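A.B. asks: I have a structure here, written as structure tokens, and I will follow up with some questions on it.
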Amino acid sequence: MSARIPSWADWLEERLGWRAAQRLIEHKEVPQHQHSIWYYFGGMTLFLFAVQVCTGILLLLYYRPSAETAFESVQFIMTEVQFGWLVRSIHSWSANLMIAAAFVHMFSALFLRAFRRPRELTWVSGALLLFLSLAFGFSGYLLPWNKLAFFATKVGTDIAGVVPFIGPFLLRFLRGGDEVTGATLTRFFGFHVAILPATATILLATHLYLVQKHGMSVPPSVDPNKVPKVKFVPDFLLHDLIGWLAAVAILAALAALFPWELGEKADPFSPAPAGIRPEWYFVFMFQTLKYIPAKILGMDGELLGILFFGLLGLLLVLTPFVSKERADKRWNLLPAVGVIVLVYILALSALAYLKG
Amino acid sequence: MWHLMLFLLFGTAQDQPVAKATASSCVQCHLELEGELQEPAKLSTQDIHFQRGLSCNNCHGGDPTVGIDKGSAEDSMSRAKGYIGRPDRKKIAALCASCHSNLDFMRRYNPQARVDQYAEYLTSVHGRKYQAGDTNVATCTDCHGAHGVRPVKNPNSPVYATNVAATCGRCHADAKKMASYGIPTNQMDLYVTSVHGAALIKNRDLAAPTCNSCHGNHGAAPPGVDSVANVCGQCHAMQWDMFKKSPHQKAFAEGNLPACVTCHEHHDIKKTSDDMLGTEQSTSCATCHDKDSRGYAAAAAMKAGIVGLKKDLETAGELLHKAETAGMEVSRPIYDLTEGKDRLVLARVNVHYFDPVALRKVLDEGEKIARTSQQSGSKALGELAFRRKGLAVSVVILLVMIALLLLKIRQISRKAG
Amino acid sequence: MIPSQSDASTTRRSVLNYLLGTSTVATLAAILYPVIRFMVPPRVVESPASSVVAARVNEIKPNDGKIFKFGSKPGILVQTATGEYRAFSAICTHLDCTVQFRSDEKLIWCACHNGRYDLTGKNISGPPPRPLEEYRVNVRGDEIIVSRG
Chain A
8 MSARIPSWAD WLEERLGWRA AQRLIEHKEV PQHQHSIWYY FGGMTLFLFA
58 VQVCTGILLL LYYRPSAETA FESVQFIMTE VQFGWLVRSI HSWSANLMIA
108 AAFVHMFSAL FLRAFRRPRE LTWVSGALLL FLSLAFGFSG YLLPWNKLAF
158 FATKVGTDIA GVVPFIGPFL LRFLRGGDEV TGATLTRFFG FHVAILPATA
208 TILLATHLYL VQKHGMSVPP SVDPNKVPKV KFVPDFLLHD LIGWLAAVAI
258 LAALAALFPW ELGEKADPFS PAPAGIRPEW YFVFMFQTLK YIPAKILGMD
308 GELLGILFFG LLGLLLVLTP FVSKERADKR WNLLPAVGVI VLVYILALSA
358 LAYLKG
Chain B
-11 MWHLMLFLLF GTAQDQPVAK ATASSCVQCH LELEGELQEP AKLSTQDIHF
39 QRGLSCNNCH GGDPTVGIDK GSAEDSMSRA KGYIGRPDRK KIAALCASCH
89 SNLDFMRRYN PQARVDQYAE YLTSVHGRKY QAGDTNVATC TDCHGAHGVR
139 PVKNPNSPVY ATNVAATCGR CHADAKKMAS YGIPTNQMDL YVTSVHGAAL
189 IKNRDLAAPT CNSCHGNHGA APPGVDSVAN VCGQCHAMQW DMFKKSPHQK
239 AFAEGNLPAC VTCHEHHDIK KTSDDMLGTE QSTSCATCHD KDSRGYAAAA
289 AMKAGIVGLK KDLETAGELL HKAETAGMEV SRPIYDLTEG KDRLVLARVN
339 VHYFDPVALR KVLDEGEKIA RTSQQSGSKA LGELAFRRKG LAVSVVILLV
389 MIALLLLKIR QISRKAG
Chain C
7 MIPSQSDAST TRRSVLNYLL GTSTVATLAA ILYPVIRFMV PPRVVESPAS
57 SVVAARVNEI KPNDGKIFKF GSKPGILVQT ATGEYRAFSA ICTHLDCTVQ
107 FRSDEKLIWC ACHNGRYDLT GKNISGPPPR PLEEYRVNVR GDEIIVSRG
């Protein structure tokens, strides 16, 4: 028998055992039904996250995380670095698109009841990832150290301080002190590029592993055994790719036509500028707090509002364990609550922008 | 010499024993009275004389060491001990001067104190009328106060820079008081609306002039028509220098017109604007220069030049601002543009040469800068357009890719199906 | 011979594959080109606004001054008679003209309205209402670095 020169694939297979992964991917199938379109949003969120990681790493080559240099370094990226304006604007826009995609993904999984047994942990890891992406947004927003971000951070951490018992500790922990200073900036930078990414990696790995393990969930109205399926590779993946390319085109257009503003450098001694507002994904909470009366049944209104949102967040994480589907009932509590929450979020956000 | 006579007549304040304010029976007693008699005692704590260890007797005479515990009012308010009661208004100035014009005495308290206030006062309009027996005019106590006299540097003093106009205005803005002197009473109203008044009173800018800056303090008198410009020129030195070299200097002198004031007024000096220059009816130039005169042509040329430079700088500024807000790097052109604005300010000062040729030089420097800045702004906007074109190209590539993928998908599904 | 269906589709497939491959390369190039240009350091290496090299050590003599560019605003660097370096904003606090150094009077002067500042930046004569903003000066080698305090 003559010795065969092994191909590269064989060489890697002997050392990595990669064909097992290949087989897994080749077997992966995606159900085709009335609601299949929502399957794209998980991959879209993942793609936009990858865009964030890449543009974020590029920005790391020039960004300087101290109060004296942060603003100037972002200005430098915007004006001196070749295509710096492009990388920075894509990073800012993609953050917003990613969070929007994450919300859509979450609501679609909610209404299609993708969290049913045995996928409870997939849901829990996903909910935590959603909160993580909000934390990414909040910490990243401060990094250019401009006036709007400075005051938005001040207000946001003030709200954290209102939480009972742990509030004051939480405020100091977030701010790196009693006030928002350069220490806050350095700390938020650490959160944004190290702690949050590490946590996100673990949660994401868990989430993706569980999705592969359990396969794609189908809505309650569909029979999983009779539903037609397509292969992930190449059919579904090519569709995914089209969506991702469209996202790239949209991001490039946003960066060139609506470049992200730099604003003015933060000055702790000057008064807050008019019309400060957190990023859009916090706006509905911010607007709610504006409308809550000062006292409700003798208790502090703002505190109650914050506790209410905290409770809502907790319920979100525990959704698989608190919702029971009753096949005999004409309507179920969960989609009703879900619709109310969604409408509320949209309405309050719209109100904030119309009024402000 | 005659100061000495006054001293001998009334006794100098320094002859009186220097009593501690707190131990002064005058103050102790008068604090227990009411109204007009109590006021001076209450004010004694804020009075600089008391703070330096002087007391009531240094002006009024009498003995502050007797009184409440050791005697009666008559004992301290004793004519024998030099008590003069309320000083005669005609003698107040000399009374103050008995200390304040004595260098040996004053240097014990403030070695840098001036001692010529009384001498100056006697040369002033107030002083001359005062000596002639007019008791309506201002004397020391009218401006500085009689009791509770604060140092000039104290913001609560009636003669602190920001309060001077109101102090002078107490008489000079009062039509009844000024009726017999035949001088206008609108100066304070005019001053308060002027650019100097606004700077001093609203912005607390102590560099701005007030009444005494141009009229003098103790030797207050209006500056003469031929010398008022020297007063303005104290601060506005460059304009005064240029004016003196201009054709207006001779013309104004011959026409007995005061320089500066003729165009800029004196009490209600308004913030200057380009509208003062030119040939329209409302300009300063048109007041004298007829349509066919050389001055008219010069005014027209200078106005056109300045307005032109202003416009070019504004255009450049807008262009650069547009580029900057779009994220372009334009810090150098913006820096250069500030030099252009300097030229515009300098040009407005150089108008006082009243020579279009001289002005042209400054204007041309400014124009050159405006042109360069405009070019930089255009270049930055050009780069912006390049980015948009690059975007269009990328989007086209991506759309082509998407279209091909769609075809590929169709092909694969046809093969499978 | 009539080309069979499968031949035509084979040709179409290979044409499509070729086009797909080419446009994939073009797309990747359109993405990688800006990334690579981004990573290559620009000509101006440091962000300018917070500190600049105002001059070299032998550029200014004692009792002399120089205007330099600080971000987008002018600054003035002076060397006193004793050899000490001081730097200020060159924007006059009166009406924003650019000041200059007067070696005959050993102070800073504004040509617009005759304002004067001493060598500590304090306004001493004329209309300026406030002193000039002072900057920090460090000498590194033969470079004089001015930075905002």
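Chains as they are written, first to last, in the working numbering: chain A, 8 to 363; chain B, -11 to 405; chain C, 7 to 155.
Glycine included, each C-beta is placed from N, C-alpha and C at the ideal position.
All of these numbers come straight from a predicted model, not from anything done at the bench.
Measure the C-alpha to C-alpha separation of Trp267/A and Trp287/A and round it to an integer number of angstroms.
C.D. replies: Residue mapping note: residue 267/A aligns to position 260 of the first sequence, counting from 1. Residue mapping note: residue 287/A aligns to position 280 of the first sequence, counting from 1. Rounded to whole angstroms, Trp267/A to Trp287/A spans 15 Å at the Cα level.
A.B. asks: Could you have a look at Asn144/C and say whether DSSP puts it in helix, strand or coil?
C.D. replies: Here residue 144/C corresponds to residue number 138 of the third sequence, with the count starting at 1. In this structure, Asn144/C counts as strand in the three-state DSSP scheme.
A.B. asks: Strictly under 8 Å for the Cβ-Cβ distance: is Gln89/A near chain C by that measure?
C.D. replies: Translated into positions along the first sequence, residue 89/A becomes position 82. Closer than 8 Å to some Cβ of chain C, the Cβ of Gln89/A qualifies, so yes.
A.B. asks: Establish whether the CB of Asp185/A and some CB of chain B are separated by less than 8 Å.
C.D. replies: Translated into the one-based positions of the first sequence, residue 185/A becomes position 178. Asp185/A does not count as touching chain B.
A.B. asks: Under 7 Å Cβ-Cβ, which residues of chain C neighbour Ala195/B?
C.D. replies: In the second sequence, counting from the first residue as 1, residue 195/B sits at position 207. Within 7 Å Cβ-Cβ: Pro133 and Pro135.
A.B. asks: According to the Cβ coordinates, are Glu140/C and Phe94/C closer than 8 Å?
C.D. replies: Residue 140/C sits at position 134 when you count from the first residue of the third sequence. Residue 94/C sits at position 88 when you count from the first residue of the third sequence. Yes. Within cutoff.
A.B. asks: Determine the burial state of Thr17/C: buried for a count of at least 16 other Cβ atoms within 10 Å of its Cβ, exposed for fewer.
C.D. replies: The residue you call residue 17/C lines up with position 11 of the third sequence. Answer is exposed; the Cβ neighbour count stays below 16.
A.B. asks: Looking at C-alpha atoms only, which residue of Pro197/B, Leu19/B, Ala217/B and Met290/B is the closest neighbour of Val345/B?
C.D. replies: Counting from 1 along the second sequence, the entry for residue 345/B is found at position 357. Selected option, being the one with the closest Cα: Met290/B.
A.B. asks: Rounded to a whole number of angstroms, what is the C-alpha to C-alpha distance between Gln399/B and Arg19/C?
C.D. replies: Here residue 399/B refers to the residue found at position 411 when the second sequence is read from its first residue. Here residue 19/C refers to the residue found at position 13 when the third sequence is read from its first residue. Each residue's Cα considered, the two are about 8 Å apart.
A.B. asks: With DSSP collapsed to three states, give me the class of Val58/C.
C.D. replies: Along the third sequence, one-based indexing puts residue 58/C at 52. Strand.
A.B. asks: Suppose you measure from the CA of Glu186/A to the CA of Ser277/A; what does that come to, to the nearest Å?
C.D. replies: Position 179 of the first sequence, counting from 1, holds the residue named residue 186/A. Position 270 of the first sequence, counting from 1, holds the residue named residue 277/A. Distance between the alpha carbons of Glu186/A and Ser277/A is about 15 Å.
A.B. asks: Is there a C-beta anywhere in chain A that falls below 8 Å from the one on Arg43/C?
C.D. replies: Residue 43/C sits at position 37 when you count from the first residue of the third sequence. Yes, because at least one Cβ of chain A sits closer than 8 Å to the Cβ of Arg43/C.
A.B. asks: Less than 7 Å between C-beta atoms, sequence neighbours within five positions excluded: which residues of the same chain meet that for Ile66/C?
C.D. replies: Numbered from 1 along the third sequence, position 60 holds the residue referred to as residue 66/C. Cβ within range, chain order: Lys72, Leu83 and Gln85.
A.B. asks: Are the beta-carbon atoms belonging to Asp263/B and Thr181/B less than 8 Å from one another?
C.D. replies: Numbered from 1 along the second sequence, position 275 holds the residue referred to as residue 263/B. Numbered from 1 along the second sequence, position 193 holds the residue referred to as residue 181/B. Not closer than 8 Å, so no.
A.B. asks: Out of Trp92/A, Leu55/A and Ser73/A, which one is the CA nearest neighbour of Arg376/B?
C.D. replies: One-based indexing of the second sequence puts residue 376/B at position 388. Answer by Cα proximity: Trp92/A.
A.B. asks: Excluding the 5 residues flanking Gly184/A on each side, which residues of the same chain have their C-beta closer than 6 Å to its C-beta?
C.D. replies: For the purposes of this step, residue 184/A is identified with residue 177 of the first sequence, where counting begins at 1. The residues are Ala190.
A.B. asks: DSSP state of Cys248/B, grouped into three classes?
C.D. replies: The count along the second sequence starts at 1 and reaches residue 248/B at position 260. Here Cys248/B sits in coil by DSSP.
A.B. asks: On the DSSP bridge assignment, give the partners of Asn153/A in chain order.
C.D. replies: Counted from its first residue, the first sequence places residue 153/A at position 146. For Asn153/A, which the question treats as bridged, DSSP gives the partners Lys272/A.
A.B. asks: Using a 10 Å radius around the Cβ and a threshold of 16 neighbouring Cβ atoms, would you call Tyr360/A buried or exposed?
C.D. replies: By 1-based counting over the first sequence, the position of residue 360/A is 353. So Tyr360/A counts as exposed.
A.B. asks: Which word fits Glu79/A, buried or exposed, when buried means at least 16 other C-beta atoms lie within 10 angstroms of its C-beta?
C.D. replies: Within the first sequence, residue 79/A is the residue found at index 72, counting from 1. It is buried - the Cβ of Glu79/A has at least 16 other Cβ atoms within 10 Å.
A.B. asks: I'd like the ranges of any alpha helix (DSSP H) spanning at least 4 consecutive residues and lying wholly in the region 209 to 262 of chain A.
C.D. replies: Correct list: empty.
A.B. asks: Are there three or more Cβ pairs, one per stretch, closer than 8 Å when the region 317 to 336 of chain B is compared with the region 375 to 394 of chain B?
C.D. replies: They do not touch, by the three-pair rule.
A.B. asks: Look up Ile82/C in the DSSP assignment and give the residues it is bridged to.
C.D. replies: By one-based count along the third sequence, residue 82/C stands at place 76. Note: Ile82/C sits in a beta bridge opposite Ile73/C and Phe94/C.
A.B. asks: So, is Leu386/B buried or exposed, given that buried needs 16 or more other C-beta atoms within 10 angstroms?
C.D. replies: Counting from 1 along the second sequence, the entry for residue 386/B is found at position 398. Buried, since its Cβ has 16 or more Cβ neighbours within 10 Å.
A.B. asks: Out of Ala107/B, Asp76/B and Gly204/B, state which residue places its alpha-carbon closest to the alpha-carbon of Asp122/B.
C.D. replies: Working through the second sequence from its first residue, we reach residue 122/B at position 134. Among Ala107/B, Asp76/B and Gly204/B, the Cα nearest to that of Asp122/B belongs to Asp76/B.
A.B. asks: Measuring CB atoms only, is the region 246 to 254 of chain A touching the region 72 to 88 of chain A, in the sense that at least three cross pairs come out at less than 8 Å?
C.D. replies: No, they do not touch.
A.B. asks: Spell out whether any CB of chain C is found under 8 Å from the CB atom of Gln264/A.
C.D. replies: Along the first sequence, one-based indexing puts residue 264/A at 257. Position check: residue 264/A holds Leu in this sequence, whereas Gln was assumed. Closer than 8 Å: no.
A.B. asks: Buried or exposed for Asn142/B, going by 16 or more other Cβ atoms inside 10 Å?
C.D. replies: Taking the first residue of the second sequence as 1, we reach residue 142/B at position 154. Result: exposed.
A.B. asks: Does any C-beta atom of chain B lie closer than 8 Å to the C-beta of Arg49/C?
C.D. replies: Position 43 of the third sequence, counting from 1, holds the residue named residue 49/C. Output row for Arg49/C: interface = no.
A.B. asks: Mind checking if Arg320/B is an interface residue toward chain A, Cβ cutoff 8 Å exclusive?
C.D. replies: Here residue 320/B refers to the residue found at position 332 when the second sequence is read from its first residue. Closer than 8 Å: no.
A.B. asks: If you measure beta-carbon to beta-carbon, which residues of the region 61 to 91 of chain C are closer than 8 Å to chain B?
C.D. replies: Against chain B - using a Cβ distance shorter than 8 Å - the residues of the region 61 to 91 of chain C are Lys75, Gly77, Ser78, Lys79 and Pro80.
A.B. asks: Taking the straight line between their C-alpha atoms, what separation do you get for Ile357/B and Thr104/C?
C.D. replies: Residue mapping note: residue 357/B aligns to position 369 of the second sequence, counting from 1. Residue mapping note: residue 104/C aligns to position 98 of the third sequence, counting from 1. Ile357/B and Thr104/C: Cα-Cα distance of roughly 15 Å.
A.B. asks: Measuring CB atoms only, is the region 168 to 182 of chain A touching the region 119 to 138 of chain A, in the sense that at least three cross pairs come out at less than 8 Å?
C.D. replies: Flag = no, the region 168 to 182 of chain A and the region 119 to 138 of chain A do not touch.
A.B. asks: Taking 8 Å as the cut-off, decide whether the C-beta atoms of Tyr106/B and His88/B are in contact.
C.D. replies: Position 118 of the second sequence holds residue 106/B. Position 100 of the second sequence holds residue 88/B. Yes, the pair counts as a contact, with Cβ atoms nearer than the cut-off.
A.B. asks: Where DSSP assigns a beta bridge to Leu113/C, which residues make up the other side?
C.D. replies: Reading the third sequence from its first residue, position 107 is the one you call residue 113/C. DSSP lists Arg108/C as partners of Leu113/C.
A.B. asks: Does the separation of the CB atoms of Pro48/C and Glu87/A fall below 8 Å?
C.D. replies: Residue mapping note: residue 48/C aligns to position 42 of the third sequence, counting from 1. Residue mapping note: residue 87/A aligns to position 80 of the first sequence, counting from 1. The answer is yes: Cβ separation under 8 Å.
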